[in-house]
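First residue of the sequence shown? That's -7 in the working numbering, and the numbers climb one at a time after it.
Positions of the beta carbon are idealized from the N, C-alpha and C atoms, including for glycine.
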Amino acid sequence: MDIFQSIKAWYTKGEVITPEGYCPNCWGFQEYSGNFYEAVKNHGISINNIDNNRGWIQNYADLNLGGIKYSHTDNEETICNQCKVKYKLQN
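See the structure below:
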């Protein structure tokens, strides 16, 4: 599931699903100092027309969610850039 689908699921169902490659410890915990919610309010985005605004949402997610993506290390672990939690890779 990509970022857009995860955000859409949260708005429509209230579910929090962590997209693959993102830290589950940080996902859903980050509030972005209210910037996302303020931006949604200012752009008049609603859950009924969210597909029409996918480009705007995707751009915002790319700019603001990059910090919680995993960084891979050499010893088969991933580490979150934001919270510094390490996870072992599963095959």
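**Study point:** Beta-carbon contacts of F(-4) that lie in its chain and below 8 Å, excluding the five residues immediately before and after
**Key:** The residue you call residue -4 lines up with position 4 of the sequence shown. Counting only Cβ-Cβ distances below 8 Å, and skipping sequence neighbours, we find R46, I49, Q50, A53.
**Study point:** According to DSSP, residues forming a beta bridge with K80
**Key:** In the sequence shown, counting from the first residue as 1, residue 80 sits at position 88. Note: K80 sits in a beta bridge opposite E69.
**Study point:** CA nearest to the CA of Y79, picked from N56, S(-2), L55, C15
**Key:** Working through the sequence shown from its first residue, we reach residue 79 at position 87. Of the candidates N56, S(-2), L55, C15, the one whose C-alpha sits nearest the C-alpha of Y79 is C15.
Check your understanding: Do you know offhand how far N56's Cα is from I71's?
Key -> The residue labelled residue 56 in the question sits at position 64 within the sequence shown. The residue labelled residue 71 in the question sits at position 79 within the sequence shown. Approximately 18 Å between the Cα atoms of the pair.
**Study point:** Backbone CA spacing between E69 and T4 [nearest angstrom]
**Key:** Residue mapping note: residue 69 aligns to position 77 of the sequence shown, counting from 1. Residue mapping note: residue 4 aligns to position 12 of the sequence shown, counting from 1. Their Cα atoms are separated by approximately 34 Å.
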